[in-house]
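Read through the structure below, which is laid out as structure tokens, and then see the notes.
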Amino acid sequence: MSKIPENARQDFDELAWDKNDSEWEEAQTALSKKSLCRRLEQLVAEKFGKPATWITPMIIGGFNNLYRIRVEDVCDVLVRRPSVSQAQLPEEKTLREAATAKYIQQNTKIPTPRVFYYSDFSEVGPFIIIEHVQNKSTLSHALTTPGVDRSITHALDPNISQTTLKDLYLKVSKIILELSHHKFTRIGSLLEADDGSFSVGGRPITQNINDMLQLANIPSAILSPEYKTFQSSDEYYLNLARGHLVQLTFQQNDLVKSADDCRNKYVARHLFRQLAEQGRLSLFGFAEDKWSAQARSKTSRHLPAPSNSFRLYGDDFRPGNILINDANEVVSVIDWEFAYTAPTQFILDPPWWLLLDTPEMWDAGIDDWVEKYELRLETWLSAMKEAEAEESAGSGSKSTEFLLSAYMRESWETGRFWLTYAARKSWAFDTVFWKYLDERFFGPREDSVEKNELWKTRAHLLGEPARNTMEQFVERKVEEMKERRLVEWDPEAAKSRLTEVLFDCELE
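The sequence shown begins at 90 in the numbering used here and counts up by one.
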């Protein structure tokens, strides 16, 4: 396909990142103070009615800090506290994560730590008290090159045997298959009511939203309202498309490199949004896709699009959050903080993590990632077929509404995989759109088109408002990139600015 931007992942705001790092470093000194540890011991003792003792060391995770506490005559528990500066919307995140973990524990066969207590408010801040599960390591350690430093980003061991790989993939495929059986009527985050029932009652807390707030200084006032949920896949795709325009509009520094780079980003985002508004993204690559250039050029019939019901999906569901024992058996799936009910289309894609690392961060580049991913995809699909066959043969097993293995293969072949990936990830969006989606959507481009002029091939497809305001938008962004500052937006001013970009459409 045509040339694409050199960096597969676009840059975060370096000033926001530096500010975040400074806040995190300042917070570290307080995390292991004896006074805090004593308060955590007291909290656990009060909840269980037994003496409680902190067991060092504290565990510092990506978005949480964990304290192992031994409860006399009961068990060891972990107190999870959102990490200062890393975990955005900490109170909201805590309630949603706890509700999701409890739902999974009570309604599925997936092993997950028992949630004993949780609260969005206490003397120690938001917390979740969960069961401590004995384990050897994570599934990621079993998949990566032996002896690799535990602190660096893992990549799949290139010399792993097919037998071992399929066996480990099979364990995860059974978890995904189990999740696929649980349907919901709206898109959003789970909440637990006082009577212990669960409902979809809050906006999805996604990893992309966390990145927007943490690493791009996006004003929280322009996010969806806290209790906003979505009734259709089309409505949610539109919300995600608007999120990419939010990122381009409000990330002050480092995202835009030049005027033409801004035009590339502007055109891609507005075209993606137009397709979402037209209800086309939810149909792309399915039998109902009558609009895309790809569909018009192929004669083979695809599988039908899913009905308007939704499934649990985790942005951070990956081998690094699956605990295993000495026999490499799964003992627990952890960290449900970025899990939400999503369009069923999301679970019909093969997992992004088959190589452990993301395509936009792969050291050898995204083209190399795709080449290696396709080799491992066959092993994954074989494992998923085996999981489906085992379930079908099992007594009392739930009926399968669709064969995930068939949908996943077709997702990769049609590019649906890339649509979901682009929809979820603002900083990978540009590379994925221009390299894997644009020509599937709109037809071939000339190979001679330079990467900084991709926008010229599609600008005529923009709606009139977006076309007429592009140069004004670009001029403003180019001036902003020269300022090198963090903007503290007034909430009403931020909403007004976004309305200008969305052309007076209702903000969701």
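For every residue, glycine included, the Cβ atom is placed at its ideal position computed from N, Cα and C.
Spatial neighbours of GLU499 in its own chain (CB-CB distance under 8 Å, excluding positions within 5 residues in sequence) are listed in chain order as GLY374, HIS391, LEU392, ARG505. Beta bridge pairing from DSSP links TYR206 with ILE218. Taking the Cα positions, SER309 is about 18 Å away from PRO171. Non-local C-beta neighbours of THR338 in its own chain, meaning closer than 7 Å and more than five positions away in sequence, comprise ARG586, LEU587, VAL590, ordered along the chain.
Taking TRP469 as reference, the option from GLU449, TRP501, ASP110 with the minimal CA-CA separation is TRP501. Judged by beta-carbon spacing, ALA105 lies within the 8 Å limit of ALA305, meaning their Cβ atoms are closer than that value.
Here LEU587 carries a helix assignment [DSSP, helix/strand/coil]. Using a 10 angstroms sphere on the CB of LEU575, the tally of other CB atoms stays under 16, which defines it as exposed.
Residue state for GLY504 is assigned as coil, using DSSP reduced to three classes.
One Cα belongs to ASN196, the other to ALA348, and the distance between them is close to 52 Å. The DSSP-derived three-state label of ASP283 is coil. Within a 10 Å sphere around the beta-carbon of PHE210 sit fewer than 16 other beta-carbons, which makes this residue exposed.
Rounded to whole angstroms, the Cβ separation of ILE423 and THR189 is 12 Å, and the two are not in contact under 8 Å.
Counting along the chain, TRP143 sits inside no alpha helix (DSSP H); it lies in the beta strand (DSSP E) bounded by residues 141 to 149.
Residues ARG157, ILE158, ARG159, ASP165 of the same chain have their beta carbon placed closer than 8 Å to that of ILE144, with the five preceding and five following residues left out of the count. A distance below 8 Å between beta-carbons, with the five flanking residues on each side excluded, links LEU280 to the following residues of its chain, in chain order: LEU184, ARG185, ALA188, PHE287, SER288, VAL289, GLY290, GLY291. Contact between LEU493 and LEU443 does not hold, since the beta-carbon distance rounds to 14 Å and is not under 8 Å. Segment contact: the stretch 533 to 543 against the stretch 400 to 416, fewer than three CB-CB distances shorter than 8 Å; contact not assigned. Contact annotation: PHE205 and LYS136 have beta-carbon atoms nearer than 8 Å. The C-alpha of PHE152 is placed about 34 Å away from the C-alpha of ASP527. A distance of 8 Å or more separates the beta carbons of GLU477 and LEU257. GLN131 counts as exposed, since fewer than 16 other beta carbons sit within 10 angstroms of its beta carbon. If only complete runs of 4 or more residues are kept, the stretch 110 to 144 shows the alpha helix (DSSP H) at 123 to 137, in order along the chain. By the neighbour-count criterion, in which a residue is buried when 16 or more other Cβ atoms sit within 10 angstroms of its Cβ, ARG513 is buried. ILE219 and THR295 have their alpha carbons spaced roughly 22 Å apart. ILE158: member of the beta strand (DSSP E) spanning 153 to 160, first to last residue. The bridge partners DSSP lists for PHE518 come to none. GLU181 has its alpha-carbon roughly 12 Å from the corresponding atom of PRO314. Between VAL419 and LEU232, the alpha-carbon positions lie close to 13 Å from each other. Around the beta carbon of ALA176, 16 or more other beta carbons sit within 10 angstroms, so the residue counts as buried.
Per DSSP, reduced to three states, the secondary structure at TYR355 is helical. Taking the CA atoms as reference points, VAL222 sits about 42 Å from ASP343. Residue pairing by DSSP places TYR402 opposite TYR429 in a beta bridge.
Shown here, ARG98 sits in coil according to DSSP, grouped into three states, outside any helix or strand. With contacts defined as CB atoms closer than 8 Å, ASN154 and LEU129 fail to qualify as a contacting pair.
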